[in-house]
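This report concerns only the one structure given below.
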Amino acid sequence: MPDKSPTFCFLLFDGFSNMVLASALEPLRVAHGLPTGPDFTWETASVFDQPVQSSSGLQITPSLALAEVKSVDYLILVSGYGVRQHATPEVFLKLHQLRNITRHIVGIDTGAWLMAEAGFLEGHEATIHWQEMNAFGERFPNVKLSEDRFVQSGNHITCGGASTVMDMILKLIQDQYGAALAFDVSNMFVFDVNWKFGINQGAGLMKTAGSPALRAAVNTMADNIEHPISLSDIADATSTSLRSLNRIFLNELQMPPGKYYQLLRLTRARDMAVETHLSVIQIALLTGFSSASALSRAFSMHYKMRISSVRKRKLVL
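Quick note: the sequence shown uses my numbering, first residue 2, plus one each step.
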């Protein structure tokens, strides 16, 4: 775990995608809002300190003047349509100045095009939005083009559209803070909100990445929160052996299935503690714990704070 939480600066260019920006920002916001989440900080900026307009017409006023950007861990170039019109000497001068005060430069959507035009990716591996793949390969023959969802080469990171951006941010969170926090954050985006409060719709709406066997197992767990079933029953329901089930979770989520199942229940318990007025014993019964004390012990062990303390902190969804 890093000594301090990373800082992010999103450098926006006209024509950026709202969805791409949200896919990068929202996991940071969710992680920051969790009871023991990292204290991420982020700002938005534009090259010439002017409001920036997205491809759908949404206008964003930067929160920080470029001259105020002193030192950041991740400088994220957010570009979309019309990227070629931003490839000017004035822009490259600004990017080279910023390069000296950032640990990592990240190009999302078509941001890799600007990085390559600025000379940052010479001899590096990189990727870009799939629509620009062929043109990028022809324009920058000295950049090793990859079809991976995201690529890190030295202190340069590149990725394509919205779903790949979220994958990249979740991987960053996992690498620095562990699979459990990444799991917690990803849960905010893969469940229908109605499921959290008992409407039995969530399992069918799971959109987790991973193998069919993993998705089937997670859906089975989601269907059995209030009355947990055994791992053997989960394996039977997904037509796998118990040994295979364990291997699937360790390979794809870096945690055993029993731990994942418990975190799934604790996540729901946390949400109910924040968003309802149910007692701890009521929450325990609704999340499959035998008693309030059993829930409290598990909650404190995972979140490093008492469940009663969570009610005093607003969870930002």
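Beta carbons are placed, not taken as given, at the ideal position from N, Cα and C, and that holds for glycine.
Practice task
Could you give the DSSP three-state label for Gly-259: helix, strand or coil?
Solution key: For the purposes of this step, residue 259 is taken as residue 258 along the sequence shown, with counting starting at 1. Taken through DSSP and simplified to helix, strand or coil, Gly-259 comes out as helix.
Practice task
Could you have a look at Lys-5 and say whether DSSP puts it in helix, strand or coil?
Solution key: To locate residue 5, count along the sequence shown from 1; it is residue 4. DSSP places Lys-5 in coil when its eight states are reduced to three.
Handout entry: Phe-14 - containing beta strand (DSSP E), residue span
Key = To locate residue 14, count along the sequence shown from 1; it is residue 13. That residue, Phe-14, is in no beta strand (DSSP E); it is neither H nor E in DSSP.
Problem - Straight-line gap, Val-182 to Ile-174 (C-alpha atoms, nearest Å) - result: Along the sequence shown, read from residue 1 onward, the residue named residue 182 stands at position 181. Along the sequence shown, read from residue 1 onward, the residue named residue 174 stands at position 173. In the sequence on display, residue 182 carries Leu and not Val. Their backbone Cα atoms lie some 7 Å apart in a straight line.
Problem - DSSP beta-bridge partners of Ala-319 - result: Residue 319 lies beyond the residue range present for the chain, which begins at 2 and ends at 318; the question has no answer from this structure.
Exercise for the section: Quick one: using the 10 Å Cβ neighbour count with 16 as the cut-off for buried, is Gly-108 buried or exposed? Expected result: As a position in the sequence shown, residue 108 is number 107, starting the count at 1. Gly-108 is buried by the Cβ-count criterion.
Handout entry: Local Cβ density within 10 Å of Gln-51, reported as buried at 16 or more and exposed below that
Key = To locate residue 51, count along the sequence shown from 1; it is residue 50. When all chains shown are included, Gln-51 counts as exposed.
Exercise for the section: Spatial neighbours of Ala-180 within its chain, please: CB distance less than 8 Å, with the 5 preceding and 5 following residues excluded, ordered by chain position. Expected result: Position 179 of the sequence shown, counted from the start, is the residue given in the question as residue 180. So the list reads Leu-254, Gln-255 and Met-256, once near-sequence residues are dropped.
Problem - Element boundaries [alpha helix (DSSP H), containing Leu-120] - result: The count along the sequence shown starts at 1 and reaches residue 120 at position 119. In the sequence under discussion, the amino acid at residue 120 is Gly, which differs from the Leu named in the question. Careful: Gly-120 lies outside any alpha helix (DSSP H) and carries neither H nor E.
Exercise for the section: Alpha carbon to alpha carbon, how far is Lys-95 from Pro-141? Give it in angstroms, no decimals. Expected result: Sequence index remark: in the sequence shown, residue 141 carries index 140 (1-based). Sequence index remark: in the sequence shown, residue 95 carries index 94 (1-based). This sequence places Phe at residue 141; Pro is not what is there. Going by the C-alpha atoms only, they are around 21 Å apart.
Problem - Reference Ser-57, options Val-70, Tyr-82 and Gly-124, closest by Cα - result: The residue labelled residue 57 in the question sits at position 56 within the sequence shown. The option with the nearest alpha carbon to Ser-57 is Tyr-82.
Handout entry: As assigned by DSSP and simplified to three states, the class of His-303
Key = The residue you call residue 303 lines up with position 302 of the sequence shown. The answer is helix: DSSP assigns His-303 an H, G or I state.
Practice task
Assign Glu-118 to one of two classes, buried (16 or more other C-beta atoms within 10 Å of its C-beta) or exposed (fewer than that).
Solution key: For the purposes of this step, residue 118 is taken as the residue at position 117 of the sequence shown. It counts as buried.
Practice task
Going by DSSP, name the residue or residues bridged to His-105.
Solution key: Locating residue 105 in the sequence shown gives position 104, counting from the first residue. Tyr-75, per the DSSP bridge assignment.
Handout entry: Contained beta strand (DSSP E) runs [length at least 3] in the region 143-183, N- to C-terminal order
Key = 151-154 and 157-160
Problem - 7 Å Cβ shell around Val-186 - same chain, five flanking residues per side excluded - result: Along the sequence shown, read from residue 1 onward, the residue named residue 186 stands at position 185. Correct list, in chain order: Pro-28, Val-31, Ala-32, Leu-171 and Ile-174.
Practice task
Quick one: grab the DSSP three-state call for Glu-91.
Solution key: For the purposes of this step, residue 91 is identified with residue 90 of the sequence shown, where counting begins at 1. The answer is helix: DSSP assigns Glu-91 an H, G or I state.
Exercise for the section: Might you give, ordered along the chain, the residues of its own chain that have their beta carbon closer than 8 Å to the beta carbon of Arg-307, omitting 5 neighbours on each side? Expected result: Indexing the sequence shown from 1 puts residue 307 at position 306. Excluding positions up to five away in sequence, the list reads Ser-297, Phe-300 and Ser-301.
Practice task
Note down the Cα distance separating Ile-235 from Pro-258, rounded to an integer number of angstroms.
Solution key: To locate residue 235, count along the sequence shown from 1; it is residue 234. To locate residue 258, count along the sequence shown from 1; it is residue 257. Roughly 10 Å between the two C-alpha positions.
Handout entry: Helix, strand or coil at Val-219 [DSSP, three-state]
Key = Within the sequence shown, numbered from 1, the residue matching residue 219 stands at position 218. Note: Val-219 maps to helix in three-state DSSP.
Practice task
Taking all protein chains shown into account, decide if His-278 is buried (16 or more other Cβ within 10 angstroms of its Cβ) or exposed.
Solution key: The sequence position of residue 278 within the sequence shown is 277, counting from 1. Result: exposed.
Problem - Given Gln-60 as reference, the closest of Phe-14, Ser-212 and Ser-164 once Cα atoms are compared - result: Numbered from 1 along the sequence shown, position 59 holds the residue referred to as residue 60. Looking at the Cα atoms, Phe-14 is the closest of the given residues.
Practice task
Could you tell me whether the Cβ atoms of Thr-111 and Val-84 are closer together than 8 Å?
Solution key: Locating residue 111 in the sequence shown gives position 110, where the first residue counts as 1. Locating residue 84 in the sequence shown gives position 83, where the first residue counts as 1. Less than 8 Å separates the beta-carbon of Thr-111 from that of Val-84.
Handout entry: Contact check, Val-281 vs Val-311, beta carbons under 8 Å
Key = Locating residue 281 in the sequence shown gives position 280, counting from the first residue. Locating residue 311 in the sequence shown gives position 310, counting from the first residue. Against a cut-off of 8 Å, the Cβ pair of Val-311 and Val-281 comes out as no contact.
Problem - Cβ pair Asp-168, Phe-151 closer than 8 Å - result: Against the sequence shown, residue 168 aligns to sequence position 167. Against the sequence shown, residue 151 aligns to sequence position 150. Yes. Within cutoff.
Practice task
Look at the alpha carbon of Leu-35 and the alpha carbon of Met-189, and state the distance between them as a whole number of angstroms.
Solution key: Within the sequence shown, residue 35 is the residue found at index 34, counting from 1. Within the sequence shown, residue 189 is the residue found at index 188, counting from 1. Between Leu-35 and Met-189, the C-alpha separation is close to 11 Å.
Practice task
Classify Ser-47 as helix, strand or coil using the three-state DSSP reduction.
Solution key: In the sequence shown, residue 47 corresponds to position 46, counting from 1. Strand, per DSSP.
Practice task
With a 10 Å radius around its C-beta and 16 neighbouring C-beta atoms as the bar for buried, classify Arg-269 as buried or exposed.
Solution key: As a position in the sequence shown, residue 269 is number 268, starting the count at 1. Per the 10 Å Cβ criterion, buried.
Exercise for the section: Between the Cα of Val-21 and those of Ser-55, Phe-9 and Thr-42, spot the shortest distance and give me the residue it belongs to. Expected result: Position 20 of the sequence shown, counted from the start, is the residue given in the question as residue 21. Taking only the C-alpha atoms, the option nearest Val-21 is Ser-55.
Handout entry: Whole-angstrom distance between Leu-67 and Gly-205, CA atom to CA atom
Key = Here residue 205 refers to the residue found at position 204 of the sequence shown. Here residue 67 refers to the residue found at position 66 of the sequence shown. Note that Gly-205 has pLDDT 36, beneath the 50 cutoff, so the model's placement of it is unreliable and no number is given.
Handout entry: Candidates Phe-17, Ser-24 and Leu-146, of which the one nearest His-87 by Cα
Key = Walking along the sequence shown from the start, residue 87 turns up at place 86. Residue Phe-17 is the option with its Cα nearest to His-87.
Problem - Exposure label - Phe-121; buried when at least 16 CB within 10 Å - result: If you number the sequence shown from 1, residue 121 lands on position 120. Under this definition Phe-121 is a buried residue.
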